[in-house]
Amino acid sequence: MKNASVFAAELPWPEYKSRVAGGCTPILIPIGSMEQHGHHMPMHVDVLLPTEFARRVASETGSLVAPPFTYGYKSHQKSGGGNFFPGTTSLDGSSLVNALKDVIKEFARHGNRQICLVNGHFENSWFIVEGIDLALRELRWDGITDMKIMVLSYWDFVGDDSIAKLYPDGFLGWDIEHGGVLETSLMLKLYPDLVWLQDAIDHPPAEFPPYDVYPPHEDWTPSTGTLSSPKDASAEKGELLLNVCTAGIVKALQKEFGERSPASAAATAAQ
Numbered sequence: 046m047k048n049a050s051v052f053a054a055e056l057p058w059p060e061y062k063s064r065v066a067g068g069c070t071p072i073l074i075p076i077g078s079m080e081q082h083g084h085h086m087p088m089h090v091d092v093l094l095p096t097e098f099a100r101r102v103a104s105e106t107g108s109l110v111a112p113p114f115t116y117g118y119k120s121h122q123k124s125g126g127g128n129f130f131p132g133t134t135s136l137d138g139s140s141l142v143n144a145l146k147d148v149i150k151e152f153a154r155h156g157n158r159q160i161c162l163v164n165g166h167f168e169n170s171w172f173i174v175e176g177i178d179l180a181l182r183e184l185r186w187d188g189i190t191d192m193k194i195m196v197l198s199y200w201d202f203v204g205d206d207s208i209a210k211l212y213p214d215g216f217l218g219w220d221i222e223h224g225g226v227l228e229t230s231l232m233l234k235l236y237p238d239l240v241w242l243q244d245a246i247d248h249p250p251a252e253f254p255p256y257d258v259y260p261p262h263e264d265w266t267p268s269t270g271t272l273s274s275p276k277d278a279s280a281e282k283g284e285l286l287l288n289v290c291t292a293g294i295v296k297a298l299q300k301e302f303g304e305r306s307p308a309s310a311a312a313t314a315a316q
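The opening residue of the sequence shown carries number 46 in my numbering; numbering runs sequentially from there.
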């Protein structure tokens, strides 16, 4: 191989063609957002984390990583603080759906038949499913019926044992973990120079009524933009999360797509 990178966009097109020949090299597509993450982290956390998970998983499975989606669906107040914070820059649902559909169809046109969408932004979830559904429907119209597409969010691989270690005082749910222990710990482990923990604000978990109002009451969201405190975050917790989630995603890909080592991917490219 001229280039051993797992990032598809870093390859010359002939090498990319050889790497995906036969349709058995999974393509991982990170999907994030540009969204505020409190006073202590940058606004592209939801891009950095799924991209790094995808890179690590690709290195272990012989997969390739597509360029990430850097804009996502609108921040929801109860899971991301709300779409009214300066800097949070979002897509309409139809825009995200159509962009995902187009990209999936393009990878299918290249000959790829195994795709995994790696989500890093909670609000993207249902629009990802719609993009997949429409892409598969249109591909069937073109006679392509052998596609297999996975979709996952990395935090879903954190089991009860890990949760007990991460949250010894009790776990309140992923929905209010925006800018809290999970993301801050991963960023401290992976990108410590992009975390300004001295600026983090400790506050009680956000509490919301059992309904939504539009336009939203902005005062329902803590003024920090975070929905829970990051004070208990640490690089050690980030390492635990990184290992657990990476191992879980690797196992899931191998189960759904079959085992394919980086060595076998290199052999395919050399043919």
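Glycine residues also receive a C-beta, built at the ideal position from the N, C-alpha and C atoms.
Any idea what DSSP makes of residue i, helix, strand or coil?
| i | result |
| --- | --- |
| Leu287 | helix |
| Pro71 | coil |
| Val90 | helix |
| Gly176 | helix |
| Gly125 | helix |
| Gln316 | Caution applies to Gln316, whose pLDDT of 49 falls short of 50 and renders its modelled position unreliable; the model cannot decide the point. |
| Phe167 | helix |
| Met232 | helix |
| Gly117 | strand |
| Thr134 | strand |
| Ile160 | strand |
| Leu145 | helix |
Are the beta-carbon atoms of residue i and residue j separated by less than 9 Å?
| i | j | result |
| --- | --- | --- |
| Gly224 | Ser279 | no |
| Gly283 | Leu233 | yes |
| Leu109 | Phe52 | yes |
| Trp219 | Phe172 | no |
| Val226 | Tyr236 | no |
| Leu231 | Leu145 | no |
| Val90 | Glu281 | no |
| Gly126 | Glu80 | yes |
| Ile221 | Ala251 | yes |
| Val203 | Leu162 | no |
Contact check, residue i vs residue j under 8 Å by CB: the rounded distance?
| i | j | result |
| --- | --- | --- |
| Thr266 | Gly83 | Going by Cβ atoms, the distance from Thr266 to Gly83 rounds to 11 Å, so no, they are not a contact pair. |
Taking the alpha carbon of residue i as the point to measure from, which residue in the options has its own alpha carbon closest?
| i | options | result |
| --- | --- | --- |
| Asp206 | Cys290, Gly117, Thr106 | Cys290 |
| Leu181 | Pro261, Gly138, Ser170, Ala153 | Ala153 |
| Val148 | Leu184, Asp264, Phe253, Val90 | Leu184 |
| Gly77 | Ala66, Val258, Ala99 | Ala99 |
| Leu73 | Glu80, Met79, Val65 | Val65 |
| Gln122 | Thr229, Leu141, Pro254 | Pro254 |
| Leu268 | Asn288, Leu285, Asp247 | Checking the sequence shown, residue 268 turns out to be Ser, not Leu. The candidate whose alpha carbon is nearest that of Ser268 is Asp247. |
| Glu105 | Ser170, Ala49, Val174 | Ala49 |
| Pro275 | Ala245, Asp264, Phe302 | Ala245 |
How do the stretch 230-241 and the stretch 179-193 stand: do at least 3 beta-carbon pairs fall below 8 Å, yes or no? Under the three-pair Cβ rule at 8 Å, the stretch 230-241 does not count as touching the stretch 179-193.
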